[in-house]
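Asks:
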Amino acid sequence: MDEIPRDKLSGALRRGAVKKHVAAIHVSGKLTLLQRKLSNVLLLNAYDTLVTRSKHQIDARTLCLMIGYNSNDMDTLKQSLKGLAETVAEWDMLDADGEQEWGISSLLSYAKLKGGICEYAYSPALAEKLNDPKVFALINLNIQRRFTSGHALALYENCYRFVRTGSTGWWPLDLFRRLMGLDGSSYYESFKHLNAKVIKPAVSEVNKTSNILITPETRKQGRVVTEIRFRIKENPQLAILDIDDGEAVRHGAVYSRLRELGVSDRLARQWLNAHGEDEVSARLDYVESRQNVKSKVGYLSAALSNDFGGESAAKPQPSERGERLRRVQEAIRKRTPTQRDADKRLFLSQIQDAAARQDFENHGWMSPLNAARITRFWEEMSPGIFDGMPSAE
94 MDEIPRDKLS GALRRGAVKK HVAAIHVSGK LTLLQRKLSN VLLLNAYDTL VTRSKHQIDA
154 RTLCLMIGYN SNDMDTLKQS LKGLAETVAE WDMLDADGEQ EWGISSLLSY AKLKGGICEY
214 AYSPALAEKL NDPKVFALIN LNIQRRFTSG HALALYENCY RFVRTGSTGW WPLDLFRRLM
274 GLDGSSYYES FKHLNAKVIK PAVSEVNKTS NILITPETRK QGRVVTEIRF RIKENPQLAI
334 LDIDDGEAVR HGAVYSRLRE LGVSDRLARQ WLNAHGEDEV SARLDYVESR QNVKSKVGYL
394 SAALSNDFGG ESAAKPQPSE RGERLRRVQE AIRKRTPTQR DADKRLFLSQ IQDAAARQDF
454 ENHGWMSPLN AARITRFWEE MSPGIFDGMP SAE
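With the first letter of the sequence shown counted as 1, position 373 gets the number 466 in our numbering; the numbers rise by one all the way through.
The structure is reproduced here in structure tokens:
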């Protein structure tokens, strides 16, 4: 399955990681794999405004793409959202004043699907806990999409937050079963069954799939296993998946092009934030195609400010293709970051020709090889977008 490209996202979703409070992790073990992934993406989407907004929205199609569920079966999404609303989160922790605090809340206070948009909310108490920066685990969405087992993903979530200490510490088996969502199952009260059906397969998948390597160790009282812990170290084979929380822009291809051109780190990030990657990439292409330009950085600055033209270059005259591109860019600007990511993924899924795919990867919606396809795509996405213009056929 394709990874979520960090350079294609922005805002909270661009971060590519969820600051997931340990309280939430400890009570989410009963979730299915799909529900667990769904919970993480919803939290990531809402994270920057958890305590400032009472409700959050995300494009339903984007939601399916980000959890790796490539289906139009909204019934499955509905059931997964229902499961989150019916799952109780419980926390037992010290508050800011050092006093013990216990509380419960459903994982989602409500969710609804309307017009292709998923709207949802957290209870104020749970939102406050999820937003607490002091105690959290980083969940990499690119990694979580690789998991095929809910037990393996649950084990990864509960181990990853201890990567710096190298060990989870000893967990009583009752606690471990609860973290894996197995409490209440008489079958898994037997360590033999627990080890064969859950621990060994989950450890194997974590080590093959994620950016950590874990090794289980057990303690016994007599001949009975009573506790378990996991030794943890980074997986050098998958170090590329490590998280750069809040600085993912520096991993983008367009950012690299700007730096190679001589643009400073701060200016590169300012341009990307102000104009977006597609626009900056198009201006870069234009500037790099110009001959005898003494200062490409200066010319790029002028190009960004003057729609491809600098002080020494005549501004391009409007054309039919230029007008179509302008309307497409305007439509894109009205989309949310997650919607823009889903748009690109959906468009790419419709391209079979390798050269055309590569051209779109390089130029985005400005791709000359895909001009006709792009027009048809946006006519379907935004009916009426090209009203008043001649047919592109």
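Ideal Cβ placement from N, Cα and C applies to all residues, glycine included.
Quantities reported herein were computed from a predicted structural model and do not represent experimental measurements.
#1: Using the Cα positions of Asp480 and Arg428, report the straight-line distance between them to the nearest angstrom.
#2: For Pro411, is the classification buried or exposed, using 16 other Cβ atoms within 10 angstroms of its Cβ as the cut-off for buried?
#3: Could you say which of Leu306, Thr319, Arg316 and Thr311 lies nearest to Lys326 if we only look at CA atoms?
#4: For Lys222, count neighbouring C-beta atoms within 10 Å of its own C-beta (all shown protein chains included) and say buried if the count is 16 or more, exposed if not.
#5: For Tyr203, which beta-bridge partners are listed by DSSP?
#6: Where DSSP assigns a beta bridge to Glu310, which residues make up the other side?
#7: Alpha carbon to alpha carbon, how far is Ala178 from Ile197? Give it in angstroms, no decimals.
#8: Which of the three DSSP states is assigned to Val181 in this structure?
#9: Helix, strand or coil for Ser242, going by three-state DSSP, please let me know.
#10: Pick from Glu381, Ser394, Thr125 and Trp264: whose alpha carbon is nearest that of Ser357?
#11: Tell me whether the beta-carbon of Leu266 lies closer than 8 Å to the beta-carbon of Val318.
#12: Is it the case that the Cβ atoms of Arg433 and Ile478 are separated by a distance below 8 Å?
#13: Here's the rule: buried if 16 or more other CB atoms are within 10 angstroms of the residue's CB, otherwise exposed. What is Val296?
#14: Rounded to the nearest angstrom, what separates Glu183 and Trp195 at their Cα positions?
#15: Would Val373 pass as a contact of Leu360 if the rule is Cβ separation under 8 Å?
#16: Check whether the stretch 273-288 touches the stretch 344-353, taking contact to mean three or more Cβ pairs, one atom from each stretch, closer than 8 Å.
#17: Below 8 Å, how does it come out for the stretch 170-177 and the stretch 131-147: are there three or more Cβ pairs, yes or no?
#18: How about Ile425 and Asp378: are their beta carbons less than 8 Å apart?
#19: Are the beta-carbon atoms belonging to Leu441 and Asp452 less than 8 Å from one another?
#20: Does the distance from the CB of Val144 to the CB of Asn224 come in under 8 Å?
#21: Identify the continuous alpha helix (DSSP H) that holds Gln451 and give its terminal residues.
#22: Assess, as a yes-or-no matter, whether the stretch 209-217 is touched by the stretch 146-155 under the definition of 3 or more beta carbon pairs within less than 8 Å.
#23: Helix, strand or coil, according to DSSP, for Glu194 in the structure here?
#24: Determine, using beta carbons only, whether Arg324 and Gly262 come nearer to each other than 8 Å.
#25: Hey, would you say Leu418 sits closer than 8 Å to Met459, going by beta carbons?
Replies: Straight from the coordinates:
#1: Start at 1 with the first residue of the sequence shown, and residue 480 comes out as number 387. Start at 1 with the first residue of the sequence shown, and residue 428 comes out as number 335. The straight-line gap from Cα to Cα measures roughly 20 Å.
#2: Taking the first residue of the sequence shown as 1, we reach residue 411 at position 318. Residue confidence is low: Pro411 scores 44 on pLDDT, short of 50, so the model does not pin down where it sits. Its coordinate-derived value is still stated next. Pro411 should be labelled exposed.
#3: Position 233 of the sequence shown, counted from the first residue, corresponds to residue 326. When each option's Cα is compared against that of Lys326, the closest is Leu306.
#4: Counting from one through the sequence shown, the residue named residue 222 turns up at place 129. Buried, by the Cβ-count rule.
#5: Within the sequence shown, numbered from 1, the residue matching residue 203 stands at position 110. Tyr203 is bridged to Ala214.
#6: Looking up residue 310 in the sequence shown gives position 217. BP columns for Glu310 point to Arg322.
#7: Numbered from 1 along the sequence shown, position 104 holds the residue referred to as residue 197. Numbered from 1 along the sequence shown, position 85 holds the residue referred to as residue 178. For Ile197 and Ala178, the distance between alpha carbons rounds to 13 Å.
#8: Taking the first residue of the sequence shown as 1, we reach residue 181 at position 88. Strand.
#9: One-based indexing of the sequence shown puts residue 242 at position 149. If DSSP states are grouped into helix, strand and coil, Ser242 belongs with coil.
#10: As a first step, residue 357 must be located in the sequence shown, where it is residue number 264. Of the listed residues, the one whose Cα sits closest to Ser357 is Ser394.
#11: Locating residue 266 in the sequence shown gives position 173, where the first residue counts as 1. Locating residue 318 in the sequence shown gives position 225, where the first residue counts as 1. Contact flag set, yes.
#12: Numbered from 1 along the sequence shown, position 340 holds the residue referred to as residue 433. Numbered from 1 along the sequence shown, position 385 holds the residue referred to as residue 478. No, the Cβ-Cβ distance between Arg433 and Ile478 is not below 8 Å.
#13: Here residue 296 corresponds to residue number 203 of the sequence shown, with the count starting at 1. Answer is buried; the Cβ neighbour count reaches 16.
#14: Counting from 1 along the sequence shown, the entry for residue 183 is found at position 90. Counting from 1 along the sequence shown, the entry for residue 195 is found at position 102. Taking the straight line joining both Cα atoms gives about 7 Å.
#15: Within the sequence shown, the letter at position 280 stands for residue 373. Within the sequence shown, the letter at position 267 stands for residue 360. It is not a contact, given that the beta carbons lie outside the stated cut-off.
#16: no
#17: yes
#18: Residue numbering aside, residue 425 sits at position 332 when the sequence shown is read from its first letter. Residue numbering aside, residue 378 sits at position 285 when the sequence shown is read from its first letter. Going by C-beta atoms, Ile425 is not nearer than 8 Å to Asp378.
#19: To locate residue 441, count along the sequence shown from 1; it is residue 348. To locate residue 452, count along the sequence shown from 1; it is residue 359. No. Outside cutoff.
#20: Against the sequence shown, residue 144 aligns to sequence position 51. Against the sequence shown, residue 224 aligns to sequence position 131. Yes, they are a contact pair.
#21: The sequence position of residue 451 within the sequence shown is 358, counting from 1. Start and end: Ala447 to His456.
#22: yes
#23: The residue labelled residue 194 in the question sits at position 101 within the sequence shown. Residue state, collapsed to three classes: strand.
#24: Here residue 324 corresponds to residue number 231 of the sequence shown, with the count starting at 1. Here residue 262 corresponds to residue number 169 of the sequence shown, with the count starting at 1. Contact flag unset, no.
#25: Translated into the one-based positions of the sequence shown, residue 418 becomes position 325. Translated into the one-based positions of the sequence shown, residue 459 becomes position 366. Yes, the Cβ-Cβ distance between Leu418 and Met459 is below 8 Å.
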